[in-house]
Amino acid sequence: MLRPRLLERLQNGLQRKLTLISAPAGFGKTTLISAWVTSRRQPTAWLSLGAEESDPIRFLIYLVAALQSVAPAVGKGILALLQSPQPPTDSAGREFVLTALLNEIAAIEGDTLLVLDDYHLLDAAAIDEALTFLLDHLPPQMHLVITTRIDPDLPLARYRVRGQLTEVRAADLRFTPTEAAEFLNQMGLSLSEEEVAALEARTEGWIAGLQMAALSMAGRADTAQFIQAFAGSHRFVLDYLAEEVLQRQPDHIRRFLLQTAILDQLSGPLCDAITGQADGQAMLEELERGNLFVVPLDDQRQWYRYHHLFADVLQARLMAEQPERVSSLHRRASEWYEQNALPAAAIRHAFAAEDFVRAAALVELAWPAIFKGFHPTTWLGWVQALPPDLVRTRPVLSVGCAWTLLDNGELETVEAHLCEAERWLEDPAPETGDEAMVVVNEAEFRTLPAVIATGRAYLARACGDASATIKHARRALDLLPEPEHYWRGVAAMFLGMAYWTSGELEAAYRAIVDSMASLQRAGHLHFQLVGTVVLADIRVVQGRLDDAVTIYERALQLASSPKKRPDTAVAGPGEPMLQGKANLHVGLGELHCERGDLESAAQHLQRAKALGKHALLPGGEYRLHIALARLQEAQGDLAGALVLLDEAERLENRDAPNAQPVAALKARLWVKQGRLAEALAWARDRGLLANDELSYPHEFEYITLA
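If you're matching positions, the sequence shown starts at 73 in our numbering and goes up one per residue.
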């Protein structure tokens, strides 16, 4: 039913930034916006939210995908950044992503609506913060609409005072007596004015209650008695009326409603898989025509969902009447999602079915894609939800746990997981005990010995043990066949880094070149910039500064070419962005400073700062501060350099090898300032003596001591 007074308010609200539709369940928030969007025929990016989108990175990925539905070119590079090995997880990083996104939105021709439906299902202050930033910088051709049961934690008072907010609340959404009469008439009921007034009063204009009542009264002769029969809270009224509605449905519709109640979203083919029938799409369309609380999620009417309140009632009724069927229904949903290449939903329904064996198999199959797509935390959460006995008998899961923990910096139990997997390789069919090895992903299992060795190289590298890193990385490369480009690239990267730490610079250079080639063949172009920085650093240590400059400049040309780099975001008009690009400017700044060209050094370092810290590789912010400190030192500002080194010390990763630690850099500046006591105190704290045996990792410290 069109509601002109509300549609007019929404239309007038387009002059402001934000329209907030906030009311409890059952007040027709989504229905109102859907009707308005349909009547306007304006490009609309619609994002239906769920609790899963409370993860800020997931939210941003889905937000970009929604915008691409109206502007396909928007955000392609931003998605690459969000799916990179180090997605922007802090406030500054999200602002960097949103700034790039806003620049692309500003280039969209024509007005666009962005609808965030069911915002109350999110529970993340980081998303509130990101949305505030988005609103504060929203281009004039875009308008944001939020539907929610509770007010979001946004600066609504500020928007209200500035005239940037349109509000539609429960009092506005309630049916007036006139609207209630029109609605009930459209539902095919012939009620007197007194009956309409009584029904409107009983429900207080609550749309869900009126709709339930209308469905319950269809075909009744005793409408007056029915209207008098219920009263109380919305929840009580809903439960009462929902039971009435269900009881009055034909058997085939009631059966369909209960069987599909387990689904968050419904499509014809999915419903067919659940019910075992072939009429899913027709049933959904029939439910929509009959106003049976289905909400379309797209213009093509391919996907729907049940009204949340109605879904709650259906699920409760299913559990009460057919509890033994719930698991099998979830299992069917899991199978359909698996067959349609939607592993996350397949896994979710397997857990809901309490079919942990199936869930374990799906989680194992999902590991390669999720791990190589750099979303390990989600995967680890699935594994941790499995019974430990199931994980222990699955070596692929054990190795996956080890790698995920390594990526998260949780090193304590990594070796235990690797050993758990390794014991099955040594004895896959133990003669004693009830346990037997389970392998679902045969391809991953075949590479497991090499992946375990690579994991040990990763662990040794994280612990600063160069010799162990070299040993395990070499073993991995010996075990890996040539076509395993990804794992060969990772193992070679660890090998090269360990050689570098050990002072074997040419061996390090060759290993990193091999790593970059393998990872490029595997499609992981991000690692090109990681390798570029390492290769340039090696040439610097060798005194080959011209070679280092050439390496950086070639990489900068590649990173600055949007035609050559499809995985770039846009930091500003015409400015492509790739994570790691800022590192290239840092490296060039360091080299120009070393050569005494302080003006060029300052230009590159300022460019790196302007690009933002999430255009830096992991550890890049630390290195930028070191480079800026050296520039300050070269300019004669020793005090300013020390301030920057203090900040760098806060950013320093003390668990990773560092050939030029901040403390040694500060000691050199203290000597220049004549603060010899502090410099000598540093040497004593480090236990450095002039007659010590020298080693490459500590070479810089001993030169400082000298």
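Heads up, the beta-carbon is just placed ideally off N, CA and C, and yes, glycines get one too.
With a cutoff of 8 angstroms on beta-carbon distance, A753 and V743 are scored as not near each other. Using a C-beta cut-off of 8 angstroms, the stretch 672-684 makes no contact with the stretch 713-721, since fewer than three inter-stretch Cβ pairs fall below that distance. Distance between V605 and L677, taken at the CA atoms: about 15 angstroms. Straight through space, the alpha carbons of A620 and A739 are spaced by roughly 27 angstroms. For M214, the enclosing beta strand (DSSP E) has its first and last residue at 214-220. Within the DSSP secondary-structure output, W559 pairs in no beta bridge.
Taking every protein chain shown into account, the CB of D195 has fewer than 16 other CB atoms within 10 angstroms, so this residue is exposed. The beta carbon of A198 sits closer than 8 angstroms to those of P128, S163, R166, all from its chain and outside the five residues before and after it, given in chain order.
Between the alpha carbons of T449 and P440 lies a gap of roughly 13 angstroms.
For L173, no beta strand (DSSP E) run applies; the uninterrupted alpha helix (DSSP H) run containing it begins and ends at 163-178, by DSSP. The beta carbon of E272 sits closer than 7 angstroms to those of F247, P249, A252, all from its chain and outside the five residues before and after it, given in chain order. Of the residues T465, L216, Q258, L193, the one whose Cα lies closest to the Cα of T184 is L216. Along the length of the stretch 252-284, whole alpha helix (DSSP H) runs at least 4 residues long occupy 265-275, reported in chain order. Pairing L656 with L628 gives a Cβ-Cβ distance under 8 angstroms. Going by C-alpha positions, L390 is about 57 angstroms away from G603. Assigned with DSSP and collapsed to three states, R241 falls in strand. Between the alpha carbons of G575 and G122 lies a distance of about 52 angstroms.
Annotated as proximal: G659 and Y624, with beta-carbon spacing under 8 angstroms. Across the structure, I334 and Q349 are spaced so that their CA atoms are roughly 17 angstroms apart. Rounded to whole angstroms, the gap between the alpha carbons of N480 and A589 is 26 angstroms. By the criterion of at least three beta-carbon pairs nearer than 8 angstroms, the stretch 224-240 is not in contact with the stretch 409-423.
For Y191, there is no enclosing beta strand (DSSP E), as DSSP marks it with neither H nor E.
Going by beta carbons, R373 and E357 fall inside the 8 angstroms limit. No residue range can be given for R616, since it is assigned to no beta strand (DSSP E) and is classified by DSSP as neither H nor E.
Within the same chain, L139, Q140, E176 come within 6 angstroms of V146 by CB-CB distance, once the 5 residues on both sides are set aside. In this structure, Q331 lies near L401, with their beta-carbon atoms less than 8 angstroms apart. If you check the CB distance, L531 and E487 come in under 8 angstroms.
Straight through space, the alpha carbons of Q704 and L483 are spaced by roughly 37 angstroms. Using a Cβ-Cβ distance cut-off of 8 angstroms, the stretch 151-161 and the stretch 78-91 are not in contact, since fewer than three pairs of beta carbons, one from each stretch, lie closer than that value. Membership of T116 in the beta strand (DSSP E) is indicated by the continuous run 116-120. DSSP places P341 in the uninterrupted alpha helix (DSSP H) bounded by 340-347. Pairwise C-beta distances place the stretch 254-267 out of contact with the stretch 91-100, as fewer than three of them are shorter than 8 angstroms. When the Cα atoms are used, Q353 and R397 turn out to be separated by approximately 22 angstroms.
Residue nearest to S399 within the set W451, I346, D384 is I346 (criterion: CA-CA distance). Residue state for P76 is assigned as helix, using DSSP reduced to three classes.
Counting of Cβ neighbours within 10 angstroms places I222 among the exposed residues, the total staying below 16.
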